[in-house]
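Chemist:
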Amino acid sequence: MRGAALSDLHLGFRAFPATIDGRNAREVDVEHAWAAAVQQVIDAQPDLVTIAGDVVHHPRVGTHAVKAWRDGVRRIVEETHATVIVIQGNHDAGRTAEVLTPIVLPDDLPRVHIVTEPRRIHVETPTGVAAVACFPFVSRGNGEAYKLEPDPEADVNVLLMHAAVKGSADGDTLPYFYGGGDEALDIGREADRWDVVAVGDYHEFTRLHPSRLAFYSGSIERTSSNIWVEHAPKGWVLYDTDTGEMEFREVPTRGMHDDALEGDPAGPVTTAAAVNDRLAKISANEGHQDSIVRLRVDQFPRDERADVDWALVRELKRSCLHFYLDLRFRARATEELGDRRDRKVSSLAEEFAAFFALDEEAVRRIAERYLELEAEAEDLAESSPERELEESVA
Ligand SMILES: [Mn+2]
6 MRGAALSDLH LGFRAFPATI DGRNAREVDV EHAWAAAVQQ VIDAQPDLVT
56 IAGDVVHHPR VGTHAVKAWR DGVRRIVEET HATVIVIQGN HDAGRTAEVL
106 TPIVLPDDLP RVHIVTEPRR IHVETPTGVA AVACFPFVSR GNGEAYKLEP
156 DPEADVNVLL MHAAVKGSAD GDTLPYFYGG GDEALDIGRE ADRWDVVAVG
206 DYHEFTRLHP SRLAFYSGSI ERTSSNIWVE HAPKGWVLYD TDTGEMEFRE
256 VPTRGMHDDA LEGDPAGPVT TAAAVNDRLA KISANEGHQD SIVRLRVDQF
306 PRDERADVDW ALVRELKRSC LHFYLDLRFR ARATEELGDR RDRKVSSLAE
356 EFAAFFALDE EAVRRIAERY LELEAEAEDL AESSPERELE ESVA
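Per the numbering used here, the sequence shown starts with residue 6, numbered consecutively.
#1: Given the structure, does SER224 come close to ligand 1, in the sense that its CB is under 7 Å from one of the ligand's heavy atoms?
#2: Is there a Cβ of chain B sitting closer than 8 Å to that of ASP59, yes or no?
#3: Helix, strand or coil for PHE361, going by three-state DSSP, please let me know.
#4: When you compare only the Cα positions, how much space is there between VAL134 and PRO64?
#5: Comparing C-alpha positions only, which one of VAL117, GLY223, PRO215, THR101 sits nearest to HIS15?
#6: Which residue's Cα is closest to the Cα of HIS293: ASP97, LYS322, ASP282?
#7: Measuring only from the beta carbon, is GLY442 closer than 7 Å to any heavy atom that is part of ligand 1?
#8: ARG28 to HIS37, Cα distance in whole Å?
#9: When we look at the beta-carbon of THR106 and count the other beta-carbons within 10 Å, is it buried (16 or more) or exposed?
#10: Let me check one thing: in DSSP terms, what residues is LYS171 bridge-paired to?
#11: Who does ALA98 pair with in a DSSP beta bridge?
#12: Helix, strand or coil for ASP177? Go by DSSP, reduced to three states.
#13: Starting from the Cα of ILE90, find the closest Cα among VAL137, ALA73, ALA49, ASP48 and give me that residue.
#14: On the DSSP letters alone, give me the boundaries of the alpha helix (DSSP H) that ASP34 sits inside.
#15: So does the region 236 to 255 actually touch the region 267 to 286, counting three or more Cβ pairs closer than 8 Å?
#16: Measuring alpha carbon to alpha carbon, tell me which residue in ALA336, PHE360, ARG79 is nearest LEU110.
#17: For THR258, which residues of its own chain have a beta-carbon under 6 Å away from its beta-carbon, when the five flanking residues on both sides are left out?
#18: Which stretch, first to last residue, makes up the alpha helix (DSSP H) that contains ASP245?
#19: Taking Cβ to Cβ, would you say CYS139 is nearer than 8 Å to ILE126?
#20: Going by DSSP, name the residue or residues bridged to GLU129.
#21: If you follow the alpha helix (DSSP H) that VAL318 is part of, which residue opens it and which one closes it?
#22: Within 7 Å: the Cβ of ASP112 and any heavy atom of ligand 1?
#23: Beta-carbon separation of ALA189 and VAL202 under 8 Å?
#24: I need the straight-line Cα distance from VAL66 to HIS96, nearest angstrom please.
#25: Whole angstroms is fine: what's the gap from VAL54's alpha carbon to GLY268's?
#26: Please go through the same chain and pick out, in chain order, the residues whose beta-carbon is closer than 6 Å to the beta-carbon of ARG301, but skip the five residues on each side of it.
#27: Would the beta-carbon of HIS15 be found less than 7 Å away from any heavy atom of ligand 3?
#28: Compute the Euclidean distance between the alpha carbons of ALA399 and GLU379, then round it to the nearest angstrom.
#29: Taking only heavy atoms of ligand 1 into account, decide whether any of them is closer than 7 Å to the Cβ of ASP97.
#30: Within the region 245 to 300, note down every full alpha helix (DSSP H) run reaching 4 residues or more, in order along the chain.
#31: Is any heavy atom of ligand 1 found at a distance shorter than 7 Å from the C-beta of ASP206?
#32: Just confirm the distance between the C-beta atoms of ILE92 and VAL43, as a whole number of angstroms; I'd bet it's less than 8 Å.
#33: Could you tell me which of MET6, ARG7, LEU11 sits nearest to VAL256, measuring between CA atoms?
#34: In terms of residues, what are the limits of the beta strand (DSSP E) holding VAL54?
#35: Does ligand 1 have even one heavy atom less than 7 Å from the beta-carbon of ASP34?
#36: Can you look up THR68 in the DSSP assignment and give me helix, strand or coil?
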């Protein structure tokens, strides 16, 4: 059986102010990536297409995203013989019964299964019967426990899930912060029992086992909350259970260039001249036009801010889809304040004087006048008839 495994489409994702025909450019980019992936899947003519969750960025995405989703699934159904199985991810799921996830909309198409609760689906393939055990993200569980078992009667067993798993069989392929929980599924233990383990949630393509077909196919565009860590190509996985081989198919995405002037906290500062030099290099690079570009600058001295070529920064903001000058200031020398308890308690007037010490004379005078008025108001309140009445009753 030949299968196409996709995941984490995140249709409806938006970022940055740039627009294309009046729409958020990044949302349009994600739709383009999905359309490209659909075409590649059609060209590959698989027997089974799985989408391991996070079809949409959130369950209330706009109609453009929902239409793009349905159009893509319809094209796959019309132009291949494949069965399409989609499971719900955490981004797809409504948090209350009032919100129906929009990913269910192509459910009326033939050979399409949209799965929002754990269940097994049997599919006829040229290799025989494939049993697909589906474990979607479930936001409001029904309290039932499900057993993670392959179907002994099936010719091919596929485990399709949206979860943070452990990839211990392949060493440190996943970052330390990921899938660390004790309840996380250990793919090292599971992979041998299944022909395919296709997982969604993690956005970088990652093999979870050195020889078995077990992997995160990753997202099809850069849609994480921090896109600057997503350097690897985006795409999906084409696999063959008869040969045990798999192939990562890259999807074209918006260009991203992440440049840095790295600094050492103990070393010299990064000067404005060095920043301007790098800005000029970025500007001269044609490849950066229409891309998402960042220049990260470490150990930058605050007082050199004015010497940065801000006109060139503005020009880059125009020529790039998005340009981000990520200036990280060198830490200021801090004053040793000692033990708070040893310091004398300031009066309001002293606190006030310290707070406004660096302000202009006129500002200080307004503040002083305010403080005086407050004091007067307090005096008045204390001598008010109500107050006297209260006191006499007490
Ligand atoms: Mn995701």
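A virtual CB, placed ideally from N, CA and C, is assigned to each residue, including glycine.
Modeler: Let's see:
#1: yes
#2: The question asks about chain B, but that chain is absent: this structure has only one protein chain.
#3: coil
#4: 33 Å
#5: GLY223
#6: LYS322
#7: Because the chain in this structure spans residues 6 to 399, residue 442 falls outside the shown range and cannot be described.
#8: 13 Å
#9: buried
#10: ASP191
#11: None; ALA98 has no bridge partner.
#12: Bear in mind that a pLDDT of 47 at ASP177, under 50, signals an unreliable position, so the number given afterwards is only what the model happens to contain. Coil, per DSSP.
#13: VAL137
#14: 30 to 49
#15: no
#16: ARG79
#17: ALA38, GLU226, LYS239
#18: Looking at the DSSP string, ASP245 is not in any alpha helix (DSSP H); the run it does join, the beta strand (DSSP E), is 240 to 245.
#19: yes
#20: VAL134
#21: 315 to 324
#22: no
#23: no
#24: 11 Å
#25: 46 Å
#26: ALA265, ASP331
#27: Judged by which ligands are present, ligand 3 is missing from the structure shown, whose ligands are ligand 1.
#28: With a pLDDT of 46 at ALA399, under the threshold of 50, the predicted position of this residue should be treated as unreliable, though the coordinate-derived value follows. Whole-angstrom Cα-Cα distance: 27 Å.
#29: no
#30: 277 to 289
#31: yes
#32: Not a contact, Cβ separation roughly 18 Å.
#33: LEU11
#34: 53 to 56
#35: no
#36: helix
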